[in-house]
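Student: Just so you know, the sequences run in chain order G and Z. First residue of the first sequence? That's 1 in this note's numbering, and the numbers climb one at a time after it. First residue of the second sequence? That's 1001 in this note's numbering, and the numbers climb one at a time after it. Just so you know, even glycine gets a beta-carbon here, dropped at the ideal spot from N, CA and C.
Protein chains: 2
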Amino acid sequence: MVARESIRPGGRSARVQASVHAAVRRLLEVQDRSELTIPQIAAAAGVTPSTIYRRWGDLADLLADVAVERLRPDCDPADTGSTRGDLEAWFAQYVDEMSSAPGRAMTRDVLAGTSGPRNAGQCVAFTRQQLQVICDRATGRGEAALDLDALVDHVVAPIVFRILFDEVPPSDAFWRSLLDRCLRAPVAA
Amino acid sequence: MVARESIRPGGRSARVQASVHAAVRRLLEVQDRSELTIPQIAAAAGVTPSTIYRRWGDLADLLADVAVERLRPDCDPADTGSTRGDLEAWFAQYVDEMSSAPGRAMTRDVLAGTSGPRNAGQCVAFTRQQLQVICDRATGRGEAALDLDALVDHVVAPIVFRILFDEVPPSDAFWRSLLDRCLRAPVAA
DNA sequence: GACATAAAAGCAAATAATATGCGTTAGACT
DNA sequence: AGTCTAACGCATATTATTTGCTTTTATGTC
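1) Quick check: is the beta carbon of PHE1091/Z nearer than 9 Å to any beta carbon in chain G?
2) Which residues in chain Z sit within 7 Å of SER34/G, going by Cβ to Cβ distance?
3) Does DSSP put CYS1182/Z in a helix, a strand or coil?
4) Please report whether the beta-carbon of PRO1039/Z lies at a distance below 9 Å from any beta-carbon of chain G.
5) At the level of alpha carbons, what is the spacing between ALA105/G and ALA1022/Z?
6) What are the start and end residues of the alpha helix (DSSP H) that includes ARG1141/Z?
7) Buried or exposed for CYS1123/Z, going by 16 or more other Cβ atoms inside 10 Å?
8) Quick check on GLY1011/Z: buried or exposed, where buried means 16 or more other Cβ atoms within 10 Å of its Cβ?
9) Check whether the Cβ of PRO1117/Z lies closer than 9 Å to any Cβ atom in chain G.
10) Sorry if obvious, but does the Cβ on VAL1024/Z come closer than 8 Å to a heavy atom of the ligand MN?
11) Are the C-beta atoms of ALA1144/Z and some chain G residue less than 9 Å apart?
12) Would you be able to state if there are at least three C-beta pairs under 8 Å between the stretch 1155-1166 of chain Z and the stretch 144-164 of chain G?
13) Return the Cβ separation of LEU1027/Z and ALA112/G in integer angstroms, given the expectation that the two are a contact with Cβ distance under 8 Å.
14) Report the option in ARG1055/Z, PRO1077/Z, PRO1170/Z whose CA atom is closest to the CA atom of LEU1131/Z.
15) List the residues of chain Z that PHE126/G touches, going by C-beta distances under 7 Å, in chain order.
16) Starting from the C-beta of ASP136/G, find all residues in its chain whose C-beta is less than 6 Å away, skip the five residues before and the five after it, and write them out in chain order.
17) Could you give the distance in angstroms between the alpha-carbon of PRO1117/Z and the alpha-carbon of SER1171/Z?
18) Any idea what DSSP makes of GLU1029/Z, helix, strand or coil?
19) For CYS1075/Z, which three-state DSSP category applies?
20) Return the CA-CA distance between PRO1073/Z and GLU1097/Z, expressed in angstroms with no decimal places.
21) Would you identify the three-state DSSP class for PRO170/G, choosing helix, strand or coil?
22) In chain order, what residues of the same chain have a beta carbon less than 6 Å from the beta carbon of ARG162/G, not counting five sequence neighbours either side?
23) Might you give, ordered along the chain, the residues of its own chain that have their beta carbon closer than 7 Å to the beta carbon of VAL95/G, omitting 5 neighbours on each side?
24) Kindly indicate which residue of GLN40/G, ARG128/G, PRO9/G has the alpha-carbon position closest to the one of VAL24/G.
25) LEU1059/Z and THR1080/Z - do their beta-carbons sit closer together than 9 Å?
26) Just to confirm, is the Cβ distance from ARG1054/Z to GLN1017/Z under 9 Å?
27) Can the beta-carbon of VAL20/G be found less than 9 Å from the beta-carbon of ILE52/G?
28) Indicate the three-state DSSP secondary structure (helix, strand or coil) for THR1051/Z in the structure shown.
29) Taking C-beta pairs closer than 9 Å, name the residues in chain Z that ALA67/G reaches, listed in chain order.
30) Could you compute how far the alpha carbon of THR107/G sits from the alpha carbon of LEU63/G?
31) Residues in its own chain within less than 6 Å of VAL66/G by CB, not counting five upstream and five downstream?
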């Protein structure tokens, strides 16, 4: 089962969803996710457990849903005046956010849900959208065109790979060198 | 809770572990993992559910444990005579295995367990070990030294990223171009 | 504005999974 | 052989999940 796609804003469904999401976020700050249960979330959100079971199916799917919502960017990348600056600023905050303990947990949650592919696809779409804005801006300035796919494959992917599979989070120097290398060899056809 | 590290081979613990792992593998072929339950696995393995709960904690951890075991390489990379050939052969089978439905599921399982970092770390260690063998072989032949980290960051990572986050599995052309690019610019200091 | 409709939530009871105390057994070590 | 310990089985208690049915709430129609 999966969360409904289109929910009228302001309706009862939306309110329930909001309070459940809020309850999850609140509880996750206080306790470990291995202790988290659906009845507990239901109580904290002021709804019946069966409501959650019917809408989200199980805990993994609910957590995935919450994580996707939290990973959704809320504004465009900062405009620093230069493409390089835009990219550096964006990746700095991206790495910072993603390699934090909650960030790692959210990424895992997104992948763990029953509909892992769907949720994960949405997340990478967010990332691409953000980078696309920077790419478009570069083109608008008349600078050399950026290769979005190269950025994803050679900067984003190694960063996320490290976050998911390595104990130590990616260092500042690490992602900067990835970005350097990518910008230096833009279209290695 | 986590599976014990060192278990004497041939002991009762080892037998229980083997039969539980086998039961999980067997059941996963027949039915969806969302239907899979611990009592069911216990019955199929001929043990008591409490045994599984005590040893593995929960289903996610058990699945992670099984997945790590299945991802453990059972032999060295094939020796094709050339480094390039070794890499191509190895990546061909790696991508094939990892992007299959069971492969994707296993990768997700590894990340989903309570001790995600530990298990994931083990998997990337397997990969590095395999690639290290190829690197050593290259050095032995007197060829140019390969950059293991570059292979992981710029070939393995984009492949795994695609498998985890994209709906469509990485194409043959995709990983070949990654490998090409990596071999052409080996030490881009 | 009252009324019908449908989707979603609440409630409560039934079922299933998970946790745990305690006795038993298998293997390790002397 | 005898002892010791870790792990298992069994039975029981607790907790989570599912489900049928009722009630609520928002929406669209007259």
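Tutor: Let me lay it out:
1) Translated into positions along the second sequence, residue 1091/Z becomes position 91. The C-beta of PHE1091/Z comes no closer than 9 Å to any C-beta of chain G.
2) Here the question's residue 34/G lines up with position 34 in the first sequence. In chain order: THR1114.
3) Reading the second sequence from its first residue, position 182 is the one you call residue 1182/Z. Looking at CYS1182/Z - three-state DSSP - the assignment turns out to be helix.
4) Taking the first residue of the second sequence as position 1, residue 1039/Z is located at position 39. Interface with chain G (9 Å Cβ-Cβ cutoff): PRO1039/Z is excluded.
5) Position 105 of the first sequence, counted from the first residue, corresponds to residue 105/G. Position 22 of the second sequence, counted from the first residue, corresponds to residue 1022/Z. If I take the Cα positions, the gap works out to 30 Å.
6) Along the second sequence, one-based indexing puts residue 1141/Z at 141. Run containing ARG1141/Z: none; DSSP gives neither H nor E here.
7) As a working note, residue 1123/Z is residue 123 in the second sequence. Buried, because 16 or more other Cβ atoms sit within 10 Å of the Cβ of CYS1123/Z.
8) In the second sequence, residue 1011/Z corresponds to position 11, counting from 1. By the 10 Å Cβ count, GLY1011/Z comes out exposed.
9) Within the second sequence, numbered from 1, the residue matching residue 1117/Z stands at position 117. Interface residue, yes.
10) Within the structure as shown, the ligand MN is missing, as the structure has no ligands at all.
11) Looking up residue 1144/Z in the second sequence gives position 144. ALA1144/Z does not count as touching chain G.
12) Touching, yes.
13) Translated into positions along the second sequence, residue 1027/Z becomes position 27. Translated into positions along the first sequence, residue 112/G becomes position 112. Cβ-Cβ separation between LEU1027/Z and ALA112/G: approximately 19 Å, too far for a contact (criterion under 8 Å).
14) Counting from one through the second sequence, the residue named residue 1131/Z turns up at place 131. Considering only alpha carbons, the answer is PRO1077/Z.
15) To locate residue 126/G, count along the first sequence from 1; it is residue 126. Correct list: empty, because the minimum Cβ distance to chain Z is about 11 Å.
16) Indexing the first sequence from 1 puts residue 136/G at position 136. Spatial neighbours of ASP136/G in its own chain (CB-CB distance under 6 Å, excluding positions within 5 residues in sequence) are not present.
17) One-based indexing of the second sequence puts residue 1117/Z at position 117. One-based indexing of the second sequence puts residue 1171/Z at position 171. Rounded to the nearest whole angstrom, the C-alpha separation of PRO1117/Z and SER1171/Z is 28 Å.
18) Position 29 of the second sequence holds residue 1029/Z. If DSSP states are grouped into helix, strand and coil, GLU1029/Z belongs with the helices.
19) The residue you call residue 1075/Z lines up with position 75 of the second sequence. CYS1075/Z: coil per DSSP, three-state reduction.
20) Numbered from 1 along the second sequence, position 73 holds the residue referred to as residue 1073/Z. Numbered from 1 along the second sequence, position 97 holds the residue referred to as residue 1097/Z. Roughly 11 Å separates the two Cα atoms.
21) As a first step, residue 170/G is located in the first sequence; it is residue number 170 there, counting from the start. Looking at PRO170/G - three-state DSSP - the assignment turns out to be coil, as it is neither helix nor strand.
22) Within the first sequence, the letter at position 162 stands for residue 162/G. Hits under 6 Å: PRO170.
23) Taking the first residue of the first sequence as position 1, residue 95/G is located at position 95. Contacts found: ILE159, PRO170, TRP175.
24) As a working note, residue 24/G is residue 24 in the first sequence. It is GLN40/G whose Cα lies nearest to the Cα of VAL24/G.
25) Residue mapping note: residue 1080/Z aligns to position 80 of the second sequence, counting from 1. Residue mapping note: residue 1059/Z aligns to position 59 of the second sequence, counting from 1. No, they are not a contact pair.
26) Position 54 of the second sequence, counting from 1, holds the residue named residue 1054/Z. Position 17 of the second sequence, counting from 1, holds the residue named residue 1017/Z. Result no, Cβ atoms of ARG1054/Z and GLN1017/Z do not sit closer than 9 Å.
27) Mapped onto the first sequence, residue 20/G falls at position 20. Mapped onto the first sequence, residue 52/G falls at position 52. Cβ atoms of VAL20/G and ILE52/G: closer than 9 Å.
28) Residue 1051/Z sits at position 51 when you count from the first residue of the second sequence. Reduced to three states, the DSSP call for THR1051/Z is helix.
29) Locating residue 67/G in the first sequence gives position 67, counting from the first residue. In chain order: nothing, as chain Z lies at least about 13 Å away.
30) Taking the first residue of the first sequence as position 1, residue 107/G is located at position 107. Taking the first residue of the first sequence as position 1, residue 63/G is located at position 63. Straight-line measurement puts the Cα of LEU63/G at about 10 Å from the Cα of THR107/G.
31) The count along the first sequence starts at 1 and reaches residue 66/G at position 66. HIS21, VAL24.
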